[in-house]
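Please read the structure below before turning to the comments.
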Amino acid sequence: MSRDATVTGDVGPTGPRLTAAVRWSGATAVVTVTGELDRDTQEPLREALAGALERRPERIVVDCAQLAFCDSTGLNLLLTTRLEAIEAGGALELAALSPPVARVFDITGVIAVFTVYEELPGELAEGEQP
Numbered sequence: 001m002s003r004d005a006t007v008t009g010d011v012g013p014t015g016p017r018l019t020a021a022v023r024w025s026g027a028t029a030v031v032t033v034t035g036e037l038d039r040d041t042q043e044p045l046r047e048a049l050a051g052a053l054e055r056r057p058e059r060i061v062v063d064c065a066q067l068a069f070c071d072s073t074g075l076n077l078l079l080t081t082r083l084e085a086i087e088a089g090g091a092l093e094l095a096a097l098s099p100p101v102a103r104v105f106d107i108t109g110v111i112a113v114f115t116v117y118e119e120l121p122g123e124l125a126e127g128e129q130p
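Mapping to my numbering: the sequence shown position 17 is 17, numbers consecutive.
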């Protein structure tokens, strides 16, 4: 996977059901997820996160502003990747959880193990390169 990349999943009548775009800001990978994350659509995010982890970033920030839905498969993918990031000396953090996604994280208690930002931190906003 190139330094900046977009991974697209199955395409439905209105376009891809899930996309995951990776871009870099210094030693931080910003993974922007768009669509619905579930058992059938997880592969683009799995590939994007694996590609980011290969480069051993200081942290991965998953921008969830455009993530409309996340089921237990998505939770498990993020939890597993968080552990892999920690084992590699980094971190996995979340930004801009939509209300439906935040509710799933709250109900399951998963929210407690992540650093979560209300919005993507300014230094990681599109176009910023420290």
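Here a beta-carbon is modelled for each residue, glycine too, at the ideal position from N, C-alpha and C.
Sequence-distant residues of its chain with Cβ nearer than 8 Å to Val101 (five each side left out): Indexing the sequence shown from 1 puts residue 101 at position 101. Only Cys64, Leu67, Ala68, Phe69 and Cys70 meet the Cβ criterion.
Three-state secondary structure (DSSP) of Asp63: By one-based count along the sequence shown, residue 63 stands at place 63. Of the three classes helix, strand and coil, the one that applies to Asp63 here is strand, per DSSP.
DSSP bridge partner residues for Val33 (one or two, in chain order): In the sequence shown, residue 33 corresponds to position 33, counting from 1. Bridge pairing for Val33: Ala20 [DSSP].
From Arg59, Asp38 and Val113, residue whose alpha carbon lies closest to that of Val31: Reading the sequence shown from its first residue, position 31 is the one you call residue 31. Proximity to Val31 across Arg59, Asp38 and Val113 peaks at Arg59, based on C-alpha coordinates.
Counted within 10 angstroms of its Cβ, other Cβ atoms place Ala125 as buried (16 or more) or exposed: Position 125 of the sequence shown, counted from the start, is the residue given in the question as residue 125. When all chains shown are included, Ala125 counts as exposed.
Minimum C-alpha distance to Val110 - residue among Leu92, Thr80 and Leu75: For the purposes of this step, residue 110 is taken as residue 110 along the sequence shown, with counting starting at 1. Scanning Leu92, Thr80 and Leu75 for the CA closest to the CA of Val110 turns up Leu75.
For Gln129, three-class secondary structure by DSSP: Residue 129 sits at position 129 when you count from the first residue of the sequence shown. A caution first: Gln129 carries a pLDDT of 43, below 50, which makes its placement in the model too unreliable to give a value.
Residue burial classification, Pro130 (beta-carbon count within 10 angstroms, cutoff 16): On the sequence shown, residue 130 is found 130 positions in, with the first residue counted as 1. Unreliable placement is indicated for Pro130, whose pLDDT of 38 sits below 50; the coordinate value is still reported in the next sentence. It is exposed - the Cβ of Pro130 has fewer than 16 other Cβ atoms within 10 Å.
Where Phe105 falls: helix, strand or coil (DSSP): Numbered from 1 along the sequence shown, position 105 holds the residue referred to as residue 105. The three-state reading of DSSP puts Phe105 in helix, counting H, G and I together.
Contact under 8 Å by Cβ, Ala96 with Glu119: On the sequence shown, position 96 is the one that residue 96 refers to. On the sequence shown, position 119 is the one that residue 119 refers to. With a cutoff of 8 Å on beta-carbon distance, Ala96 and Glu119 are scored as near each other.
Within 8 Å, strictly: CB atoms of Pro44 and Leu79: For this step, residue 44 is matched to residue 44 along the sequence shown. For this step, residue 79 is matched to residue 79 along the sequence shown. Inclusion of Pro44 and Leu79 in the CB contact set at 8 Å is not warranted, their separation being larger than that value.
Three-state secondary structure (DSSP) of Thr115: Sequence index remark: in the sequence shown, residue 115 carries index 115 (1-based). Correct three-state label for Thr115: strand.
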